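Residue numbers (our numbering), protein chains in the order written: chain Z, 1 to 172; chain L, 1001 to 1296.
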Amino acid sequence: MARVEVEVNGTRHELEGVEPRLLLVHFLRERLGLTGTHIGCDTSSCGACTVLLDGKSVKSCTMFAVQADGRAVTTIEGLGSSAELHPMQEAFWAQHGLQCGFCTTGMIMSAVDLLRRIPNPSEGEIRAGLEGNLCRCTGYENIVAAVRAAAAALAAMETPKTIGELVEVGGR
Amino acid sequence: MESDGSTFEREGDGMIPTTFNYFRPHSIEEALLLLRQGEAAKILAGGQSLIPMMKLRVAEPKTLIDLQGVPELAHVTWAGGHCTVGSLTSHATLAADADLRQKAGALWDAANGLGDPQVRNLGTIGGACAHADPSGDYPAVMLALDACFIVAGEKTREVAAAEFFKGTFETALGAGEILTKITFDAAPRSAYVKLEHAASHYALVGVAVVLVMSRDTIEDARIAITGLADVPFRASGVERSLRGVKGNNVAAIKSACAGAAAGQDVRGDIQASSAYRTAMADIVAARAVRVATDPR
Chain Z
1 MARVEVEVNG
11 TRHELEGVEP
21 RLLLVHFLRE
31 RLGLTGTHIG
41 CDTSSCGACT
51 VLLDGKSVKS
61 CTMFAVQADG
71 RAVTTIEGLG
81 SSAELHPMQE
91 AFWAQHGLQC
101 GFCTTGMIMS
111 AVDLLRRIPN
121 PSEGEIRAGL
131 EGNLCRCTGY
141 ENIVAAVRAA
151 AAALAAMETP
161 KTIGELVEVG
171 GR
Chain L
1001 MESDGSTFER
1011 EGDGMIPTTF
1021 NYFRPHSIEE
1031 ALLLLRQGEA
1041 AKILAGGQSL
1051 IPMMKLRVAE
1061 PKTLIDLQGV
1071 PELAHVTWAG
1081 GHCTVGSLTS
1091 HATLAADADL
1101 RQKAGALWDA
1111 ANGLGDPQVR
1121 NLGTIGGACA
1131 HADPSGDYPA
1141 VMLALDACFI
1151 VAGEKTREVA
1161 AAEFFKGTFE
1171 TALGAGEILT
1181 KITFDAAPRS
1191 AYVKLEHAAS
1201 HYALVGVAVV
1211 LVMSRDTIED
1221 ARIAITGLAD
1231 VPFRASGVER
1241 SLRGVKGNNV
1251 AAIKSACAGA
1261 AAGQDVRGDI
1271 QASSAYRTAM
1281 ADIVAARAVR
1291 VATDPR
């Protein structure tokens, strides 16, 4: 059994008795109750379980919770609130970037990482940037439109903020 | 908020791998000691191949030694025309390295095309090489770059790429050894092109090319192919045929690349037949040579 000290959405958690084989996604969902991170394929393919580890997108089904010890994790719950959505969430809503919604949280986390790397991506860059996320409804057109809209919204902000700053704000 | 972990009681859910002891050493020496002393010990780098295998219980290590506590293993260092890449360097770091694109385009290409963004953020070059997937991208690149693998163990030793890849998931690494660095000379005229499986992005055929050019003429070439056999191999016939060919002579390049898989026992599986892989090898090789003829 291991002790895991991890910052999740800006809150520090210290958990004892973590089995090393516990996957990060189960740690988030079952230990912390953060069920916004979904389990899709469980085989590192679909990206539904995508979270940010120190700001970079990772598949939480392909990482052990003990590996996150001493690091910072951001889940969909850390992006925004119902009262104040993150611009990426807002854009997915406005552009109808979802059908059944199952892949959406992972899609949004990947899109946030994409804009961190490429603030104003082309359509091709968006599609390549979301290559690790599958939408079984094949709603890709509107997902791409949502990422474009979010990039434009961020660029048009009066006090431009990087996507990383926004994640931090959302995480508090 | 501090959780006591009691919110959800279904502990067994999702514990798919078998149990193991986890260690996070802070030096290579400590890691080597754990590797020697631990029962059925395995090194964990980015985990993007190992963890899926553990979830399927294809791999069942009893001791897992996580190298993330040895961050000095993650670096890209140039000294003159010679590069040293730490084994813990992520694919994403290599893929974002504009300098690497110019100086060793083949490695940059492979890092960019490997897996997907999430896999590239966690996965490492050392982990991928030590995993030695017969459809992996790096093995061909390492062979074409004529790279050298620096291996730590009871004593540090160097293994040439041509000696490193031994078979499917098999390398020259001994049980008590850790791959720490990979070194190679700059290859400004180099490229890696693959025909990939659409879902997995693994190479059905992947060809790495390193050219030595004199003005617009190919003087020498190293061509290495992955995805066809248990280990990557040099297409020596193609290498010979390319000598003296002009970089802009597409027809001559295509003709030189004919029979790229000659003499190999080419794999056929559910993804691609042996005949298809063999035919595609020529085409992918020609494409890779054409990309490599121009500065990146």
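For glycine and all other residues, C-beta sits at the position ideal for the given N, C-alpha and C. None of the values given here were measured: they were computed from a predicted structure.
- In chain order, T62, M63, F64 and Q67 make up the part of chain Z whose C-beta sits under 8 Å from the C-beta of G1047(L).
- The count of Cβ pairs closer than 8 Å, one atom from the segment 65-78 of chain Z and one from the segment 117-130 of chain Z, stays below three, leaving the stretches out of contact.
- Cβ contact annotation for G1247(L) (same chain, cutoff 6 Å, sequence separation greater than five): D1216 and T1293, in chain order.
- Around S110(Z), the beta-carbon contacts reaching into chain L at under 8 Å are P1117 and Q1118.
- The beta carbon of G97(Z) does not come within 8 Å of any beta carbon belonging to chain L, so the residue lies off that interface.
- Of the other Cβ atoms in all chains shown, 16 or more fall within 10 Å of the Cβ of I76(Z); this residue is therefore buried.
- Beta-bridge partners assigned by DSSP to R12(Z): E7(Z).
- Around the CB of P1117(L), 16 or more other CB atoms lie within 10 Å, so the residue is classed as buried.
- The beta-carbon distance between F1184(L) and D1146(L), rounded to whole angstroms, is 7 Å. This is short enough to meet the 8 Å contact definition.
- Distance check between A1186(L) and each of M1142(L), A1224(L) and A1162(L) places M1142(L) closest, using alpha-carbon atoms only.
- Put simply, of V58(Z), A72(Z), S81(Z) and L32(Z) the residue whose alpha carbon is nearest the alpha carbon of A111(Z) is V58(Z).
- About 17 Å separates the Cβ atoms of A1092(L) and L1067(L), ruling out a contact at the 8 Å cut-off.
- The contact set of I1065(L) on chain Z, defined by CB atoms closer than 8 Å, is empty, because the minimum CB distance reaches about 12 Å.
- Nearest to G1237(L) by C-alpha distance, out of A1224(L), D1230(L) and A1229(L), is A1224(L).
- Put simply, the backbone Cα of E1029(L) is about 12 Å away from that of Q1037(L).
- For Q1068(L), the chain Z residues whose Cβ falls inside 8 Å of its Cβ are Q67, in order along the chain.
- Take the alpha-carbon of A1160(L) and the one of A1140(L): they are about 13 Å apart.
- By the Cβ-count criterion, I1182(L) is buried, with 16 or more other Cβ atoms from all chains shown falling within 10 Å of its own Cβ.
- Listed along chain L is no residue with a C-beta nearer than 9 Å to that of R136(Z); the closest approach is about 13 Å.
- In the DSSP assignment, V1209(L) is bridged to A1191(L) and I1223(L).
- Going by beta carbons, D1097(L) and V1119(L) fall outside the 8 Å limit.
- With a cutoff of 8 Å on beta-carbon distance, A1288(L) and V1205(L) are scored as not near each other.
- The C-beta of V1058(L) has fewer than 16 other C-beta atoms within 10 Å across all chains shown, which makes the residue exposed.
- Inside the segment 20-105 of chain Z, DSSP marks whole alpha helix (DSSP H) runs of 4 or more residues at positions 87-94, from first to last along the chain.
- Not one beta carbon of chain Z lies nearer than 8 Å to the beta carbon of Y1276(L).
- For T1019(L), the nearest CB of chain Z lies under 8 Å from its own CB, placing it at the interface with that chain.
- Counting along the chain, L1032(L) sits inside the alpha helix (DSSP H) bounded by residues I1028 to Q1037.
- With distances taken between CA atoms, I1150(L) lies nearest to C1083(L) out of L1100(L), C1083(L) and P1188(L).
- Taking the Cα of P1052(L) as reference, the smallest distance to any Cα among A1031(L), G1227(L), T1018(L) and A1144(L) is reached at T1018(L).
- Contact annotation: A1260(L) and A1235(L) have beta-carbon atoms nearer than 8 Å.
- Contact with chain Z is absent for Y1202(L), since none of that chain's Cβ atoms lies less than 8 Å from the residue's Cβ.
- A distance of 8 Å or more separates the beta carbons of E5(Z) and G55(Z).
- Using beta-carbon distances, I1051(L) counts as an interface residue toward chain Z, with a partner under 8 Å.
- Annotation for L1211(L): R1189, I1218, A1221 and A1292 place their beta carbon closer than 6 Å to its own, counting only its chain and skipping 5 residues before and after.
- When the five nearest sequence neighbours on each side are left out, the beta carbons in the same chain lying within less than 7 Å of the beta carbon of A94(Z) are those of A149, in order along the chain.
- Looking from the CA of P1232(L), the closest CA among E1072(L), F1020(L), Y1138(L) and R1024(L) belongs to Y1138(L).
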